[in-house]
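Accompanying notes for the structure given below.
Protein chains in written order, with full-length UniProt numbering: chain A, 1 to 75; chain B, 1 to 75.
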């Protein structure tokens, strides 16, 4: 697994979640993903799939493009 | 699996590959991914991971942001 990539992706998701003032539990609920999975993503412990990237973008109410725009700046 | 999402992602990869005049085999070599996996991605048969999205973006010599910019237009 490319840990650096997953960790940077996790940083972006955490940043966006905090901007939206959501807890991991609230984001999990809005993304139809488990709270613990959100935590693992934010800590870079998972090689997330495209389907779950889309679920997170919907839960955060941002486009997938925006997520990758931010990721490309730090990675 | 969200087939529509995977199929739309596959369309973008195929479009970019053809723009670059690469065969599936050449893209596979440049992405460090197997040729058959490239075919499966383009046909929307795989729920691709973040790590392989990055490998494809490197093989195509485009940013991940560009891939998702194109995906957001059709999906």
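By construction, the Cβ of each residue, glycine as well, lies at the ideal position given by its N, Cα and C atoms. Small disclaimer: the values here were computed from a predicted structure and weren't measured.
>> I'd like the span of the alpha helix (DSSP H) that includes residue 55 of chain A, first residue to last.
In response: Translated into the one-based positions of the first chain, residue 55 of chain A becomes position 55. First-last of the alpha helix (DSSP H) with residue 55 of chain A: 50-60.
>> To the nearest angstrom, how far is the alpha carbon of residue 63 of chain B from that of residue 72 of chain A?
In response: Taking the first residue of the second chain as position 1, residue 63 of chain B is located at position 63. Taking the first residue of the first chain as position 1, residue 72 of chain A is located at position 72. Cα-Cα distance, rounded: 7 angstroms.
> Are the Cβ atoms of residue 68 of chain A and residue 9 of chain B separated by less than 8 angstroms?
Replying inline: Numbered from its first residue, the first chain carries residue 68 of chain A at position 68. Numbered from its first residue, the second chain carries residue 9 of chain B at position 9. Cβ distance not < 8 angstroms, so residue 68 of chain A and residue 9 of chain B don't count as in contact.
> CB residue 27 of chain B to CB residue 60 of chain B, shorter than 8 angstroms?
Replying inline: For the purposes of this step, residue 27 of chain B is identified with residue 27 of the second chain, where counting begins at 1. For the purposes of this step, residue 60 of chain B is identified with residue 60 of the second chain, where counting begins at 1. For residue 27 of chain B and residue 60 of chain B, yes; Cβs fall inside 8 angstroms.
> Looking at chain A, which residues of the UniProt domain "HTH cro/C1-type" (13-67) of chain B have a Cβ within less than 8 angstroms of any of its Cβ atoms?
Replying inline: 47, 48, 49, 50, 51, 53, 54, 63, 64, 65 and 67
> By the criterion of Cβ-Cβ separation under 7 angstroms, what are the contact partners of residue 69 of chain B in chain A?
Replying inline: As a position in the second chain, residue 69 of chain B is number 69, starting the count at 1. Chain A residues near residue 69 of chain B: 65.
>> Using CA atoms only, rank isn't needed, just tell me which of A:75, A:13 and A:48 is closest to residue 58 of chain B.
In response: Position 58 of the second chain holds residue 58 of chain B. Checked all of A:75, A:13 and A:48; the closest Cα to residue 58 of chain B is A:75.
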